[in-house]
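Student:
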Amino acid sequence: MSIPARQLVKLFSGNEAIARGAFEAGVKVASAYPGTPSTEILENFARYEGVYAEWAPNEKVAVEVALGASMAGVRALAAMKHVGVNVAADPIFTASYTGVRGGLVIVTADDPELHSSQNEQDNRHYAVAAKIPMLEPSDSEEAKDFTIIAFELSEKFDTPVFLRTTTRISHAKGAVRLGEPSGPPFPPGFVRDPAKWIMLPLNAKKRHVIVEKRMLALKEFAETFPGNRIEWGDRSLGIITAGVSYQYVREAFPDASVLKLGMAHPMPERLIREFAAGVSRLVVVEELDPFIETHVKALGIPVQGKELIPIVGELDPRIVREGIAGGSAPVRAPEEVPSRPPNLCPGCPHRGLFYVLSKQKVIVTGDIGCYTLAALPPLSTMDTCICMGASIGNAFGIEKALGKAALGKVVAVIGDSTFIHSGITGLIDIVYNRGFSTVIILDNRTTAMTGAQENPATGMTLLKDPTHSLDLPGLCRAIGVEHVYIVNPHDLAQTEAVLKRELAREAPSVIITEAPCVLLPDHRKKKRPVYEVITDLCTGCKACGKLGCPAIEWVPFTPEEAVAAGKKQTQKGISRINTLLCDGCNQCPQLCKFKAILEGKS
Amino acid sequence: MSVVAGGNVLLAGVGGQGILLASEVLCEAFLLGGYDVKKSEVHGMAQRGGAVTTHLRFGPKVNSPLIEPGTADLLVAFEKMEALRFVHYLSPGGAALANAQEIYPPSVATGRERYPAGIEERLREFTPRLFVVDALAAALSLGEVRAVNIVMVGAASHFLPLEKETYTDALRAFLPEKIVEVNVRAFRAGRGLLPAQV
Ligand code: SF4
Ligand code: SF4
Chain E
331 MSIPARQLVK LFSGNEAIAR GAFEAGVKVA SAYPGTPSTE ILENFARYEG VYAEWAPNEK
391 VAVEVALGAS MAGVRALAAM KHVGVNVAAD PIFTASYTGV RGGLVIVTAD DPELHSSQNE
451 QDNRHYAVAA KIPMLEPSDS EEAKDFTIIA FELSEKFDTP VFLRTTTRIS HAKGAVRLGE
511 PSGPPFPPGF VRDPAKWIML PLNAKKRHVI VEKRMLALKE FAETFPGNRI EWGDRSLGII
571 TAGVSYQYVR EAFPDASVLK LGMAHPMPER LIREFAAGVS RLVVVEELDP FIETHVKALG
631 IPVQGKELIP IVGELDPRIV REGIAGGSAP VRAPEEVPSR PPNLCPGCPH RGLFYVLSKQ
691 KVIVTGDIGC YTLAALPPLS TMDTCICMGA SIGNAFGIEK ALGKAALGKV VAVIGDSTFI
751 HSGITGLIDI VYNRGFSTVI ILDNRTTAMT GAQENPATGM TLLKDPTHSL DLPGLCRAIG
811 VEHVYIVNPH DLAQTEAVLK RELAREAPSV IITEAPCVLL PDHRKKKRPV YEVITDLCTG
871 CKACGKLGCP AIEWVPFTPE EAVAAGKKQT QKGISRINTL LCDGCNQCPQ LCKFKAILEG
931 KS
Chain G
-3 MSVVAGGNVL LAGVGGQGIL LASEVLCEAF LLGGYDVKKS EVHGMAQRGG AVTTHLRFGP
57 KVNSPLIEPG TADLLVAFEK MEALRFVHYL SPGGAALANA QEIYPPSVAT GRERYPAGIE
117 ERLREFTPRL FVVDALAAAL SLGEVRAVNI VMVGAASHFL PLEKETYTDA LRAFLPEKIV
177 EVNVRAFRAG RGLLPAQV
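Protein sequences, first through last, are from chains E and G. According to the numbering used here, the first sequence holds residues 331 to 932 in order. According to the numbering used here, the second sequence holds residues -3 to 194 in order.
Now the structure itself:
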């Protein structure tokens, strides 16, 4: 087929391609919680005409909503990052038993290399554990095609279907041919079917038998599924691979024979045997766990895998080439350069809170969000970070372990969106079990980390409709927290006073820091002052530098330069504010004892 | 580069400099120019001052979305020190284009480390084909600091096998109406920073 009109080919990321595929497949309902690298799927899907798309409070709810839509006979999609599947696992494992009515696809976006995650789990294992088929595209074009196929499989085999991507699929862009959207497979409507939808043990036992039969049928399907294909080439080397690893293999070994698996589960036994018999050396190339390798070995076929290809991190063509062919191409070593880790933005409200916290001698249990960056110097004000919502339970556990000695010593910090996702139940635990841990909710009116998405506290939906905005202080009070206070984190004195008081309190308390994320359009539109350091007044005490604001730069002096600048010979330098970066938050002027930081002209 | 079958372009800079947008425009231009193109970057934390890279590959058919070290035909660094961080990606004949702008990383901003000296000399050890431009000054003269990214695209266009109209077509196809003009001017200003023969 030739590529006809130019406008039918678009450059799409894997996420955009999945959104397009869902649209072309006639998906009516999609639900997700934002998480890198999956976020853009729903953001893009929401832009199509005639669809319903939402941010759910967490991934479990997202899957339940999508399953409900499937029950009512429409095609539905839920999307999440790999760790989101942990949260959603409960409904997913039983949805495997109930099966579907309208097609149901669950996207899991894994993150090998932990570009923006707390672990590197390999979610292909979920397909096996939940007995759900899984497709694995290897570029944007396949991401769109496989999304459509996933819906067809879902209805044909009465099962949810996993679509697994990794960061280099989700965020890499490639050309995609657009197709026409199709109508719904059948008219929507909920049909009562207790044996299918009510998973009492009596019914579930029978459904389990159906699940096992279904997986056998899918295994048969996998033998002829065109997404599983052999590309015969030089028979001295045969490589079994899947996902983005296929691209690296093709780049590194253009002439080798390749078995590309588009379906991670179940795997085609006969096809694998045929391929293995046709090549003299067999190697599996896959990122993370030896998933395909273990399967091939279980078939009794000798194969090489993880002894050649690393189990940690992501791959690239060079790793694949050197792993299999040995040797190493001469490459020049990288230059020594100061590292450039991400930082809280200039003017970030979190900085004020963490600066104040850094001066208290407390254990800070942290959570997932931009504010996790406060763990880095110079703030270095976070002691733990595990998963969404863990800060509160962790703080309470530390309190219970240390007893009275923990009074005034433990504080949990958690973002607004993270609190709604998984923090509420932890707070209930503190109140219910008579704790005194202090919880700080960082309310910046958005889900900032993933690029400023709406959430239940923002008063706006993904489809940009105004809605009820969750009353965070009211919610905390309803849980039974009597002491709930709101502070402005840019006001360091006020924040410190309230923090000290609440830390000392022998009762649960919640402090809500309220100030908008600087990336929000409303904030960016506002005119704000820019601050500057009056060089003559600056003594080089570096007090302002403790904030770690990217706009504050240290200008070092030699003794001669110090004297030339009219300073004491011993002064090591001065601070300078980069006016292109300063957001005018007014935090640093509060730290300068010498009143050297003043509002500038623009 | 005049007419070439394919190539690897590595864009590097600091989160917030608009590298993602610049790479989108370049990809769109390659697609308009009839190439297959793939690009890869990691976003999700790009706004917060960390080092950012985009791998962009074009040709008749592109497989890997990643560029291997030692194989980039062109390095486009939006910040001077970032050129140094990624210069080992250059192929032996590759060219480096660097913005003279300095943005201090936290360790430098807080005085724990110094901003590296002699960056240009160190870059020249990797390639004689080093071009340093002041994209920030060019953008400021247009009255739009945020246009640094498209100024860099303009300068980079000298090294790429596309007609200059293709870039402006890509800008028009890709950007919202009201910012097209300033960016077309930024592209031209960037192109004007280097002589026609590079
Ligand atoms: S706190 Fe004031 S005196 Fe101290 S380094 Fe900063 S600007 Fe200079
Ligand atoms: S006022 Fe000070 S702390 Fe706030 S953004 Fe400007 S330089 Fe940074």
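All C-beta atoms, glycine included, are put in the ideal place defined by N, C-alpha and C.
Verify the contact flag: residue 99(G), CB atom, against every heavy atom of ligand 2, threshold strictly below 7 Å.
Tutor: Not one heavy atom of ligand 2 is found less than 7 Å from the C-beta of residue 99(G).
Student: Distance, Cα to Cα, residue 585(E) vs residue 565(E)?
Tutor: For residue 585(E) and residue 565(E), the distance between alpha carbons rounds to 9 Å.
Student: Based on the DSSP output, what are the partners of residue 558(E) in its beta bridges?
Tutor: Partner(s): none; residue 558(E) has no beta bridge.
Student: Could you work out which residues of chain E lie near residue 148(G), taking near to mean beta carbons separated by less than 9 Å?
Tutor: Within 9 Å Cβ-Cβ: nothing; residue 148(G) doesn't reach chain E, min ~16 Å.
Student: Between residue 154(G) and chain E, is any beta-carbon pair separated by less than 8 Å?
Tutor: By this cut-off, residue 154(G) is not an interface position.
Student: Would you mind working out which of 397(E), 609(E), 344(E) sits nearest residue 375(E), comparing C-alpha positions?
Tutor: 344(E)
Student: Give me the chain G residues within the contact set of residue 412(E), using Cβ-Cβ distance strictly less than 8 Å, ordered along the chain.
Tutor: The premise fails here: residue 412(E) is roughly 13 Å from chain G at the closest Cβ pair, so nothing lies under 8 Å.
Student: Does the distance from the CB of residue 408(E) to the CB of residue 392(E) come in under 8 Å?
Tutor: If you check the CB distance, residue 408(E) and residue 392(E) come in under 8 Å.
Student: What residue ranges within the segment 855 to 932 of chain E form continuous alpha helix (DSSP H) runs of no fewer than 4 residues, ordered along the chain?
Tutor: 889 to 894
Student: Sort out for me which residues DSSP pairs residue 32(G) with in a bridge.
Tutor: 55(G)
Student: Quick one: is residue 641(E) buried, meaning 16 or more other Cβ sit within 10 Å of its Cβ, or exposed?
Tutor: The residue in question, residue 641(E), is exposed, as its Cβ has fewer than 16 Cβ neighbours within 10 Å.
Student: Who pairs with residue 385(E) in a beta bridge, going by DSSP?
Tutor: 362(E)
Student: Counting C-beta neighbours from all protein chains within 10 Å, is the total for residue 884(E) 16 or more, i.e. buried, or is it exposed?
Tutor: Buried is the call here.
Student: Expressed to the nearest angstrom, what Euclidean distance is found between the alpha-carbon atoms of residue 230(G) and residue 27(G)?
Tutor: Nothing can be reported for residue 230(G), as the shown portion of chain G is limited to -3 through 194.
Student: Where residue 690(E) and residue 921(E) are concerned, what is the direct C-alpha to C-alpha distance, given to the nearest angstrom?
Tutor: Approximately 16 Å between the Cα atoms of the pair.
Student: On the premise that residue 495(E) lies in contact with residue 442(E), defined as a C-beta separation below 8 Å, what is that separation, rounded to the nearest angstrom?
Tutor: Going by Cβ atoms, the distance from residue 442(E) to residue 495(E) rounds to 11 Å, so no, they are not a contact pair.
Student: Run through chain E and tell me which residues come within less than 7 Å of residue 126(G), C-beta to C-beta.
Tutor: Under the 7 Å cutoff, chain E gives no residues; its nearest Cβ is about 14 Å from residue 126(G).
Student: Scan the segment 656 to 685 of chain E for residues whose Cβ lies nearer than 9 Å to a Cβ of chain G and list them as they occur along the chain.
Tutor: 659, 660, 661, 662, 663, 664, 665, 666, 667, 668, 669, 670, 671, 672, 673, 674, 675, 676, 678
Student: With which residues is residue 4(G) paired in a DSSP beta bridge?
Tutor: 53(G)
Student: Pick from 755(E), 767(E), 681(E): whose alpha carbon is nearest that of residue 740(E)?
Tutor: 767(E)
Student: Does any CB atom of chain E fall closer than 8 Å to the CB of residue 180(G)?
Tutor: Chain E, which has no Cβ nearer than 8 Å to the Cβ of residue 180(G), makes this no.
Student: Please report the Cβ distance between residue 822(E) and residue 682(E), rounded to the nearest whole angstrom; I am assuming they are in contact, meaning their Cβ atoms lie under 8 Å.
Tutor: 6 Å
Student: Counting only beta-carbon atoms, is residue 55(G) nearer than 8 Å to chain E?
Tutor: no
Student: Does residue 511(E) come out as helix, strand or coil in the three-state DSSP assignment?
Tutor: Note: residue 511(E) maps to coil in three-state DSSP.
Student: Whole angstroms are fine: how far does the CA of residue 847(E) sit from the CA of residue 778(E)?
Tutor: 7 Å
Student: What are the start and end residues of each continuous beta strand (DSSP E) run of 3 or more residues lying completely inside the segment 561 to 608 of chain E, in chain order?
Tutor: 564 to 571, 586 to 590, 593 to 595
Student: Using a Cβ-Cβ cut-off of less than 9 Å, give me the residues of the segment 479 to 513 of chain E that come near chain G, in sequence order.
Tutor: Listed by position, the residues of the segment 479 to 513 of chain E near chain G (Cβ gap below 9 Å) are 497, 498, 499, 501, 502, 503, 504, 505.
Student: For chain E, is any of its Cβ atoms less than 8 Å away from the one on residue 47(G)?
Tutor: Contact with chain E is found for residue 47(G), since one of that chain's Cβ atoms lies less than 8 Å from the residue's Cβ.
Student: Once the 5 residues before and after residue 334(E) are set aside, which same chain residues still bring their CB inside 6 Å of it?
Tutor: Interpretation of residue 334(E) is limited by its pLDDT of 42, a score under 50 that renders its predicted location unreliable; no figure is taken from the coordinates.
Student: Say yes only if the C-beta of residue 916(E) is nearer than 7 Å to one or more non-hydrogen atoms of ligand 2, and no if none qualify.
Tutor: yes
Student: Within the present structure, is the beta-carbon of residue 872(E) separated from the nearest heavy atom of ligand 1 by less than 7 Å?
Tutor: yes
Student: Verify the CB distance criterion: does residue 882(E) have a CB-CB separation below 8 Å to chain G?
Tutor: yes
Student: Measure from the C-beta of residue 983(E) to each C-beta in chain G and report whether the shortest distance is under 8 Å.
Tutor: The structure shown has nothing for residue 983(E), since chain E only spans 331 to 932.
Student: At a CB-CB cut-off below 7 Å, which residues of chain E make contact with residue 100(G)?
Tutor: Ordered by position in chain E, the residues that pass the 7 Å Cβ test against residue 100(G) are 883.
Student: Below 8 Å, how does it come out for the segment 180 to 187 of chain G and the segment 149 to 158 of chain G: are there three or more Cβ pairs, yes or no?
Tutor: yes
Student: Give a single yes or no on whether residue 138(G) has its beta carbon closer than 7 Å to a heavy atom of ligand 1.
Tutor: no
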